[in-house]
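Undergrad: I am attaching a structure below and will ask some questions about it afterwards.
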């Protein structure tokens with residue numbers, strides 16, 4: 001998976017970081033998992049080996065050639081990609097490009113549903129992120145796709161998980177995939193717990209789905225308390241905080257369809273964790289992020305009209321900077337530990353049993369899951 005799964009609390013990010021140590025990968029060759037559809041990147045074999053105990057819990061194909069099965073090949077052609085490997089690379093690059101927004105989205109969803117301390121989390125719940133291919137983008141040449149990976153997909157904003165249960169239908173799915181999922185969740189939790197981080201709260205199961213592609217991928221995202229909490233606004237009510245977090249979630253989801261990405265400048269002029277929008281530009285074979293402005297004090301609607309359009313949809317009308325600061329603020333004592341919000345988009349989380357039992361086509365996945373369960377126990 002991408003580096004967003006190393007720590008779900010967004011911070012200063014360059015374009016591509018090592019999935020273990022966080023080292024910038026822009027200047028060197030990278031190591032990738034050859035049996036993963038959404039492949040992580042590492043700076044060395046040593047870092048890849050260190051991450052294997054947790055990475056092997058994610059879904060793996062049996063071998064690289066497995067991406068060429070008839071079922072997958074037909075789906076890839078329908079999505080207008082030349083090969084499954086091409087689609088895999090584009091999706092990995094897309095997730096990496098939008099890693100700040102996706103990290104913030106996952107964490108915000110977790111807070112809204114389970115509270116700041118994750119105490120209300122249900123282990124059998126899965127957060128499902130369902131992406132749609134941009135057909136115009138998929139028709140580009142390989143060189144054009146490589147120049148604009150952040151424009152390749154968009155995330156469904158509502159009712160976006162109803163079709164997932166239809167996709168998973170074969171008899172025995174719960175026995176094969178469900179059992180493995182529960183074991184993997186337990187081992188992932190034990191792995192992160194062993195690191196001794198006092199801010200660690202638990203792991204959240206997240207499924208990444210490309211609509212129309214018969215490949216399932218899930219990972220376990222560690223949840224943390226804010227690492228560098230911002231001062232909390234005084235007198236903020238529980239209900240007002242909930243509404244602001246829902247607006248922030250809307251900003252994160254909406255930005256995944258933009259032709260630019262949110263990043264935190266390295267000098268963080270607006271404070272820790274406050275991101276700025278800007279396009280990714282490839283120069284001399286290297287990705288560079290060009291912010292539209294240096295600080296939100298310089299923001300003008302005409303500079304980023306798509307951000308302004310999103311802001312007009314929001315209920316609380318707070319600035320992105322304010323919402324990001326609240327996102328990074330320490331939870332108040334009155335919100336520990338019983339503070340689960342009521343979420344407007346409740347269909348994002350579904351029980352694992354529902355996820356794996358409704359009618360759909362999962363013959364291909366069933367065989368792979370059996371193989372992956374055996375590999376995970378090695």
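Numbering (UniProt numbering), first residue to last: 1 to 378.
Glycine included, each C-beta is placed from N, C-alpha and C at the ideal position.
Predicted, not measured: the structure shown is a model, and the values here were computed from it.
#1: Under the DSSP definition of a beta bridge, which residues are partnered with residue 223?
#2: I'd like to confirm the pairing. Which residues does DSSP put opposite residue 180 in its beta bridges?
#3: Can you tell me the Cβ-Cβ gap for residue 210 and residue 91, rounded? I've got them flagged as a contact below 8 Å.
#4: Within the continuous alpha helix (DSSP H) that includes residue 278, where are the two ends?
#5: Express the C-alpha separation of residue 70 and residue 116 in angstroms, rounding to a whole number.
#6: Sorted by chain position, which residues of the same chain lie with C-beta nearer than 8 Å to residue 261's C-beta, five sequence neighbours on each side aside?
#7: Which of helix, strand or coil does DSSP assign to residue 329?
#8: Taking 8 Å as the cut-off, does the stretch 200-214 touch the stretch 123-132 (at least 3 CB pairs, one atom from each stretch)?
#9: Below 7 Å CB to CB, which residues in the same chain sit around residue 74 once its five sequence neighbours on both sides are set aside?
#10: Between which two residues does the alpha helix (DSSP H) containing residue 85 stretch?
#11: What's the call for residue 103, buried or exposed, on a 16-neighbour Cβ count within 10 Å?
#12: Measuring CA to CA, which of 79, 326 and 298 is closest to residue 237?
#13: Is the beta carbon of residue 185 less than 8 Å from the beta carbon of residue 220?
#14: Select from 269, 233 and 187 the residue whose C-alpha is nearest the C-alpha of residue 298.
#15: In whole angstroms, give me the CA-to-CA distance for residue 311 and residue 318.
#16: Residue 94 to residue 284, Cα distance in whole Å?
#17: Just how far apart, CA to CA, sit residue 247 and residue 324?
#18: For residue 207, which beta-bridge partners are listed by DSSP?
#19: Can you have a look at residue 156 and say buried or exposed, based on whether 16 or more other CB atoms are within 10 angstroms of its CB?
#20: For the alpha helix (DSSP H) containing residue 248, list its first residue and its last residue.
#21: Rounded to whole angstroms, what is the Cα-Cα separation between residue 464 and residue 47?
#22: With DSSP as the reference, label residue 321 as helix, strand or coil.
#23: Out of curiosity, what's the CA-to-CA distance linking residue 52 and residue 192?
#24: Would residue 89 be called buried (16 or more neighbouring beta carbons within 10 Å of its own) or exposed?
#25: Report the three-state DSSP secondary structure of residue 151 (helix, strand or coil).
#26: Can you grab the Cα-Cα spacing for the pair residue 42 / residue 225, in whole Å?
#27: Just how far apart, CA to CA, sit residue 303 and residue 292?
#28: Name the DSSP beta bridge partners of residue 281, please?
#29: When the distance is taken between beta carbons, is residue 263 closer than 8 Å to residue 272?
#30: Is it buried or exposed, residue 161, if we count other Cβ atoms within 10 angstroms and call 16 or more buried?
#31: In angstroms with no decimal places, state the Cα-to-Cα distance between residue 130 and residue 189.
#32: Determine the burial state of residue 282: buried for a count of at least 16 other Cβ atoms within 10 Å of its Cβ, exposed for fewer.
#33: For residue 315, I'd like the list of residues in its chain whose CB is within less than 8 Å of its CB, leaving aside the five on either flank, ordered along the chain.
#34: Taking DSSP's pairing of strands, which residues face residue 262 in a bridge?
#35: Does the distance from the CB of residue 232 to the CB of residue 329 come in under 8 Å?
#36: So what's residue 432 in DSSP terms, helix, strand or just coil?
TA: Answer, in terms of the structure:
#1: 202.
#2: None; residue 180 has no bridge partner.
#3: The Cβ separation is near 6 Å, so the contact holds.
#4: Bounds of any alpha helix (DSSP H) do not take in residue 278; it lies within the beta strand (DSSP E) bounded by 276-278.
#5: If you take the alpha carbons of residue 116 and residue 70, they lie about 45 Å apart.
#6: Within the same chain, residue 261 has close Cβ partners 97, 98, 100, 101, 150, 255, 277, 278, 279, 280 and 289.
#7: Looking at residue 329 - three-state DSSP - the assignment turns out to be strand.
#8: At 8 Å Cβ cutoff, the stretches touch.
#9: Same-chain partners within the cutoff: there are none.
#10: Per DSSP, the continuous alpha helix (DSSP H) segment holding residue 85 begins and ends at 84-97.
#11: So residue 103 counts as buried.
#12: Ranking the options by Cα distance to residue 237, first place goes to 326.
#13: The answer is yes: Cβ separation under 8 Å.
#14: Looking at the Cα atoms, 269 is the closest of the given residues.
#15: In this structure, the CA atom of residue 311 is about 8 Å from the CA atom of residue 318.
#16: Residue 284 has its alpha-carbon roughly 20 Å from the corresponding atom of residue 94.
#17: Cα to Cα, residue 247 sits roughly 11 Å from residue 324.
#18: Partner(s): 128 and 218.
#19: Using a 10 angstroms sphere on the CB of residue 156, the tally of other CB atoms reaches 16 or more, which defines it as buried.
#20: Under the DSSP assignment, residue 248 falls in the alpha helix (DSSP H) whose first and last residues are 238-255.
#21: Since the first residue of the chain shown is 1 and the last is 378, residue 464 is not available in this structure.
#22: Helix.
#23: As the crow flies, the alpha-carbon of residue 52 is around 13 Å from that of residue 192.
#24: Classification for residue 89: buried.
#25: Three-state DSSP puts residue 151 in a helix.
#26: A straight-line Cα-Cα distance of about 26 Å links residue 42 and residue 225.
#27: Their backbone Cα atoms lie some 7 Å apart in a straight line.
#28: Answer is 288, bridged to residue 281.
#29: For the pair residue 272 and residue 263, the CB atoms are not nearer than the 8 Å cut-off.
#30: Only weak support exists for where residue 161 lies, its pLDDT of 34 falling under 50; the value from the coordinates is given anyway. By the neighbour-count definition (other C-beta atoms within 10 Å, threshold 16), residue 161 is a buried residue.
#31: Distance from the CA of residue 130 to the CA of residue 189, rounded to the nearest whole angstrom, comes to 24 Å.
#32: Answer is exposed; the Cβ neighbour count stays below 16.
#33: Excluding the 5 residues flanking it on each side, residue 315 has same chain C-beta neighbours closer than 8 Å at 243, 246 and 247, in chain order.
#34: In DSSP, residue 262 forms a bridge with 277.
#35: Yes, the pair counts as a contact, with Cβ atoms nearer than the cut-off.
#36: The structure shown does not extend to residue 432, since the chain is modelled only from 1 through 378, so no value can be given for it.
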